[in-house]
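**Q**
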Amino acid sequence: MKLYADKRFQIGLTVLYPILIGLFFVTMQSAFWLLAVLAMLIYCALWKNIGYVLLSNLLLLLLSIGLWVTDVDYMQMGSVRETRVWLPFSYLLYGAFCLIPPLVLVPLRNLLAKKDRQRHT
Numbered sequence: 023m024k025l026y027a028d029k030r031f032q033i034g035l036t037v038l039y040p041i042l043i044g045l046f047f048v049t050m051q052s053a054f055w056l057l058a059v060l061a062m063l064i065y066c067a068l069w070k071n072i073g074y075v076l077l078s079n080l081l082l083l084l085l086s087i088g089l090w091v092t093d094v095d096y097m098q099m100g101s102v103r104e105t106r107v108w109l110p111f112s113y114l115l116y117g118a119f120c121l122i123p124p125l126v127l128v129p130l131r132n133l134l135a136k137k138d139r140q141r142h143t
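Everything in the sequence shown is counted per the working numbering, starting at 23 for the first residue and increasing by one.
#1: Is the separation between the beta-carbon of ILE145 and that of LEU125 shorter than 8 Å?
#2: Does DSSP classify MET50 as helix, strand or coil?
#3: Mapping DSSP to helix, strand and coil, what is TYR74?
#4: Does the Cβ of PHE46 have 16 or more other Cβ atoms within 10 Å, making it buried, or fewer, making it exposed?
#5: For LEU81, which residues in the same chain have their Cβ closer than 8 Å to its Cβ, ignoring the five residues on either side in sequence?
#6: ALA58 and CYS120 - do their beta-carbons sit closer together than 8 Å?
#7: I need the DSSP call for TRP165, collapsed to helix, strand or coil.
#8: Would you mind sorting GLN32 into buried or exposed? The rule is 16 or more other CB atoms within 10 Å of its CB.
#9: How would you call LYS70, buried or exposed, if buried means at least 16 neighbouring beta carbons within 10 angstroms?
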């Protein structure tokens, strides 16, 4: 599929994912986890391989650590105000619900697509 062959598109997705999740975290107080899991599932269909998954999540980790350690005024930033204390625990939740699934789903999708292509040739 041309979507997976377009390197610029894949890089754009890689950079957009942490920005999107960061915006959800900062602005969506009650629906953050639901939106994060939904975005992850959509991205599982769009990421080309594990490298893009890991790079996106590394960028997200750097963004979240930046939010966590800076002395920015958090009082105006939605859910950051309530979650700064338990942010380390949220890394564990994020890993369980938003990092491990793509590490399984993306290779599985690639394997199924490869088998489908072989079947049709």
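Where is the CB? At the ideal position from N, CA and C, for every residue including glycine. The structure displayed is predicted, hence computed values, not measured ones.
**A** Working from what's here:
#1: What is shown of the chain runs 23 to 143, which leaves residue 145 out entirely.
#2: The answer is coil: DSSP assigns MET50 none of H, G, I, E or B.
#3: Helix.
#4: Buried: at least 16 other Cβ atoms inside 10 Å.
#5: The answer, listed in chain order, is THR36, VAL37, TYR39 and PRO40.
#6: Taking C-beta atoms as the reference points, CYS120 and ALA58 count as a pair closer than 8 Å.
#7: The structure shown has nothing for residue 165, since the chain only spans 23 to 143.
#8: Buried.
#9: Note on LYS70: 16 or more other CB atoms within 10 angstroms of its CB, so buried under the neighbour-count rule.
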